[in-house]
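First the structure, in the form of structure tokens, and then the observations on it.
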């Protein structure tokens with residue numbers, strides 16, 4: 037009875053080895069080396085013979101070892117197999133994410149304040165010193181949840197702080213809103229510069245206003261290397277998801293907050309091939325005007341629908357639609373072509389938009405904003 041059970045156990049084990057070899061062949065037959073496949077076939081045949089006819093244990097174990105080695109050659113097991121499978125899963129996940137981004141939903145970061153207070157760009161508030169939440173380990177979790185971080189601008193060299201002057205008049209530049217001297221001057225869309233002696237120090241553009249405010253309030257005219265020029269709390273701009281499918285099945289509507297490509301916009305301050313986000317205010321074929329430096333007119337009729345337009349015109353949180361560019365006064369207008377839409381920021385005093393560059397062709401729209409996914413602040417949730 038015992039020899040019978042032993043033989044049965046041996047046959048079962050050999051069957052499992054053969055099953056593993058067959059699985060390896062099926063999985064790797066198209067990429068394995070022909071020589072390795074031949075070795076596997078020979079090893080399979082040897083084990084199959086022992087399974088049918090039996091034989092000395094030593095010979096069976098030797099045949100099984102040959103089969104295991106041949107299987108391992110074409111289909112590495114254990115850690116290597118697990119690593120390969122993890123890489124394959126990662127590649128599939130990346131491919132799926134890219135497909136979702138290309139065809140369905142695309143993330144987009146609000147870079148400026150042109151859509152405030154509906155959507156926020158980067159916000160900066162003066163803060164004299166870091167709090168406990170700005171120190172490890174809390175600062176990481178604070179940033180992760182609220183997008184908030186403490187920033188400092190320090191002098192990289194020693195010298196006098198020199199405000200910027202108009203090269204034509206020789207007069208110092210003054211902030212039109214605050215009447216303050218301009219120490220930090222925009223250089224690019226992402227950088228500003230401050231003059232320290234004969235050196236120009238680059239700083240993030242979002243820190244420029246804080247630097248100007250700090251230096252005007254302190255009256256400081258000289259810094260040593262390492263001195264703090266300005267400190268503040270920086271809040272990340274809203275990160276949104278854009279629905280790329282919507283405009284494949286429906287037409288854009290007035291009031292939509294939409295992302296569009298600038299490739300067909302011919303205006304000096306608008307770089308080609310970037311993405312802007314604005315609100316859709318003018319529809320194809322319409323004649324758009326601004327009335328009383330606040331209200332929008334479409335073909336002579338005040339735009340009040342959807343209700344967001346009435347809110348922009350009347351709420352103290354907004355400033356209405358202001359004269360600028362092609363819409364410089366009551367009489368000026370923009371006539372849209374049959375496939376063009378006019379886009380404006382909700383904060384028009386701080387928006388480079390359709391008032392300057394005119395209509396946007398239908399084919400340049402990427403989709404409509406529908407959800408703020410980060411940071412987890414007052415704007416988190418559906419875009420309104």
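In the working numbering, the protein residues as written are 37 to 420.
Note that the Cβ used here is the ideal one computed from N, Cα and C, for glycine as well.
- Linking residue 280 to residue 314 through their CA atoms gives a straight-line distance of about 15 Å.
- In the three-state scheme derived from DSSP, where H, G and I count as helix and E and B as strand, residue 200 is classed as coil.
- Taking 3 residues as the minimum length, the beta strand (DSSP E) runs contained wholly in the stretch 142-228 are 159-162, 184-190, 195-198, 220-222, in order along the chain.
- With respect to residue 103, residue 68 sits apart: the two C-beta atoms are not nearer than 7 Å.
- Counting of Cβ neighbours within 10 angstroms places residue 47 among the exposed residues, the total staying below 16.
- In this structure the stretch 281-292 does not touch the stretch 382-392; the number of beta carbon pairs closer than 8 Å is below three.
- Across the structure, residue 186 and residue 271 are spaced so that their CA atoms are roughly 9 Å apart.
- Considering only 415, 393, 130, the residue with the shortest C-alpha distance to residue 376 is 393.
- The C-alpha of residue 262 lies about 51 Å from the C-alpha of residue 368.
- Here the stretch 305-324 makes no contact with the stretch 172-182; the two share fewer than three CB pairs at distances below 8 Å.
- Per the C-alpha coordinates, the member of 319, 169, 193, 56 positioned closest to residue 83 is 56.
- Pairing residue 226 with residue 239 gives a Cβ-Cβ distance that is not under 7 Å.
- In the same chain as residue 257, and ignoring 5 residues on each side of it, the C-beta atoms closer than 8 Å to its own belong to 196, 197, in chain order.
- With 16 or more neighbouring CB atoms inside 10 Å of its own CB, residue 357 falls in the buried class.
- For residue 193, the closest of 207, 230, 220 by C-alpha to C-alpha distance is 230.
- Secondary structure at residue 78: helix, using DSSP grouped into helix, strand and coil.
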